[in-house]
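Residues 24 to 290 (my numbering) make up the sequence shown, in order.
Structure record follows, encoded as structure tokens.
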Amino acid sequence: MACEVMGILNVTPDSFSDGGRFLDPERAVARGLEMAAEGARVIDVGGESSRPGAAPVEEAEELRRVLPVIEALAAELPAGVQISIDTVKPKVAEAALAAGARMLNDISARLWPLAAEAEVPWVAMHMRGTPRTMQDDPVYEDVCREVFGFLAARATEALAAGVPEVYLDPGIGFGKTTRHNLLLLRGLPDLVALGRPVLVGTSRKRFLGVLAPNPDGSAPPPPERLAASLATATWAAACGCALVRVHDVAPTVQAMAVVGSLEAGAA
Ligand code: HH2
24 MACEVMGILN
34 VTPDSFSDGG
44 RFLDPERAVA
54 RGLEMAAEGA
64 RVIDVGGESS
74 RPGAAPVEEA
84 EELRRVLPVI
94 EALAAELPAG
104 VQISIDTVKP
114 KVAEAALAAG
124 ARMLNDISAR
134 LWPLAAEAEV
144 PWVAMHMRGT
154 PRTMQDDPVY
164 EDVCREVFGF
174 LAARATEALA
184 AGVPEVYLDP
194 GIGFGKTTRH
204 NLLLLRGLPD
214 LVALGRPVLV
224 GTSRKRFLGV
234 LAPNPDGSAP
244 PPPERLAASL
254 ATATWAAACG
264 CALVRVHDVA
274 PTVQAMAVVG
284 SLEAGAA
């Protein structure tokens, strides 16, 4: 099965790459529809940045940001394109699901009872600590064993509780050094082998600027990390992942189509 694309729609003033661009609900909805037209199968709406060091957002403010966008997108998106809500707050998750979101993207990996109740797929992501503290010297003995073991245990619990599908996400950049991110990406076949769909989010992340610096050694800013983002999305697809979470939908859809064509039996 070809790897599908989840388009990122951050309705925030401070996200690391697109912060402030889609705070206006009309612009956010237009961007969601544009990503659907470009081939995204899921539009991931988030109202709180989780970049390293980010401060938490009040529940009422997060609701104010995401609900009008979800309501409008639920009415306007073509059939076959789902909305997911990217939140760690139970009240926001519940309200978003009631407003038309059909997937719960949970970077805290704690909200599966809500996904069970609403009968929607749940994304369980691994994170060390909280966004405020997670990059303070993360240490693992064996990062793949620890992260994949954590996700497998959460999936077992969630499926037993009645969640219809669990996506496993290693949480690239969430309490991980560049080396940890590389080890997790290299280990993706082992995560896929657990038998659940795997979601990977590397798009424009900081470690890509470290791995692929400018010729003068400086790190390219987030919007200039497209080629590096495509390299990791392509790698994830070739490893058998089901979904990649990206800012740049159109070029990623192209890359996924090519990987899909290369898969055994496609030609
Ligand atoms: N990464 C971010 C946010 N949500 N969800 C999942 N499942 N996986 C991820 O890797 C992931 C995520 C961070 O990226 P972004 O949304 O672009 O930035 P910010 O958190 O600053 O809004």
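Ideal Cβ positions, reconstructed from N, Cα and C, are used throughout, including at glycine.
Distances from the CA of Ala256 to each of Pro244, Pro75, Met279 were compared; the closest alpha carbon is that of Met279. Of the heavy atoms belonging to ligand 1, at least one sits nearer than 6 Å to the Cβ of Met148. When DSSP assignments are scanned along the segment 174-261, the uninterrupted stretches of beta strand (DSSP E) that are 3 or more residues long and fall wholly within it turn out to be 189-192. Here DSSP, grouped into helix, strand and coil, assigns Gly69 to strand. Here Ala178 really is in contact with Val189; their C-beta atoms are around 4 Å apart, less than 8 Å. When distances are taken from the beta-carbon of Phe171 to the heavy atoms of ligand 1, even the shortest one reaches 6 Å or more. A distance criterion of 6 Å places the beta-carbon of Asn128 in contact range of ligand 1, judged by its closest non-hydrogen atom.
Ser252 has its CB no nearer than 6 Å to any heavy atom of ligand 1. Between ligand 1 and the CB of Ser107, the shortest heavy atom gap is not smaller than 6 Å.
By the neighbour-count criterion, in which a residue is buried when 16 or more other Cβ atoms sit within 10 angstroms of its Cβ, Lys199 is buried.
DSSP places Glu99 in the helix class (H, G or I) of the three-state scheme. The beta carbon of Asn204 sits no closer than 6 Å to any heavy atom of ligand 1.
For Asp160, no pairing in a beta bridge is given by DSSP.
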